[in-house]
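K.L.:
Heads up, the sequence shown is in the working numbering, so the first residue is 10 and it goes up one at a time. The beta carbon of each residue, even a glycine, is placed where N, CA and C say it ideally should be. This one's a predicted model, so the numbers in the text were calculated from it and none came from an experiment.
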Amino acid sequence: MTVMLGDLTRLEFEASIRDRLLVIPIGSVEQHGPHLPIGTDSFITAALVDELVRLRGDRIILAPPIPVSASDEHASFQGTLSLGTDLLSTLIKTMVGRDQQRTRTLLVSAHGGNLTAFLEASQPFWIPRTHVLVEAAANWELPADALGLWEPDAHAGRTETSIMLALRPDLVRLSRATSGYRGPLSQVGDLLMSSGIQGVSESGVLGDPAGANPQEGLAILAALAADLIRTFDQVSA
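1. For the alpha helix (DSSP H) that Leu227 lies in, which residues bound it at each end?
2. Put Pro76 into one of helix, strand or coil per three-state DSSP.
3. Per DSSP, what kind of secondary structure is Pro34 in: helix, strand or coil?
4. Evaluate the contact criterion for the segment 187-202 versus the segment 51-68: three or more CB pairs, one atom per stretch, below 8 angstroms.
5. Below 8 angstroms on the Cβ atoms is my guess for Ser80 versus Val38; work out the distance and round it to an integer in Å.
6. Which of the three DSSP states is assigned to Met13 in this structure?
7. In three-state terms, what does DSSP make of Pro43?
8. Could you spell out the range, first to last residue, of the beta strand (DSSP E) harbouring Thr114?
9. Thinking Gly189 and Ser204 are a contact (beta carbons under 8 angstroms), I'd like their distance in whole angstroms, please.
Okay, here's the thing in structure tokens:
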């Protein structure tokens with residue numbers, strides 16, 4: 010049975026954390042092109058944490074989610090909320106860094122833009138760790154040591170559109186779907202840093218949603234969940 014942090018007294022938390030890991034879901038509020046909801050990353054994070062709870066619930070203390078994170082690269086688009094990397098890093102260090110000897114913590118987020126803040130905060134974390142080969146999604150596995158975004162399908166392309174078609178098809182506006190920048194992110198890294206996503210993609214999409222489907226989304230979710238479980242087992246060992 011999963012223990013909810015907010016339900017515990019201080020003494021109950023101190024007793025429970027000896028055998029459990031504090032899991033903090035971290036959402037994201039940022040544009041996802043003209044066809045996906047602004048809360049896409051939060052929906053994905055919640056679904057993956059639900060699967061983690063289903064499989065490892067007896068080893069988890071689940072914290073309330075942090076709804077807004079580091080999305081400055083999307084700030085030029087309406088609807089985006091962002092704490093920025095520095096503030097998110099400080100927030101995490103302030104919350105859990107003071108007591109990290111006794112409080113084992115795992116941050117979980119489906120937003121790759123949080124990577125820098127997580128590294129600066131020096132806390133165990135999980136984010137999607139490599140690009141997705143959508144044509145082979147059913148057999149796809151994540152390399153354990155890979156880090157990076159889903160390239161060249163990094164944002165609101167086929168990958169995330171397929172996932173949202175599996176999770177919340179009622180929120181996907183396929184009739185509005187359009188492609189964006191489809192080249193390697195490494196070729197536009199400086200422009201992304203200086204001008205954000207809008208500097209390389211007027212649509213706010215990095216990739217192409219064409220061909221997205223819920224069956225593929227379920228396969229990708231299963232692969233992401235399996236990688237999250239592996240990370241959890243490593244951190245909680």
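P.N.:
A quick look at the data gives this:
1. 223-245
2. coil
3. strand
4. no
5. 7 angstroms
6. strand
7. strand
8. 114-117
9. About 14 angstroms separates the two Cβ atoms, so there is no contact after all.
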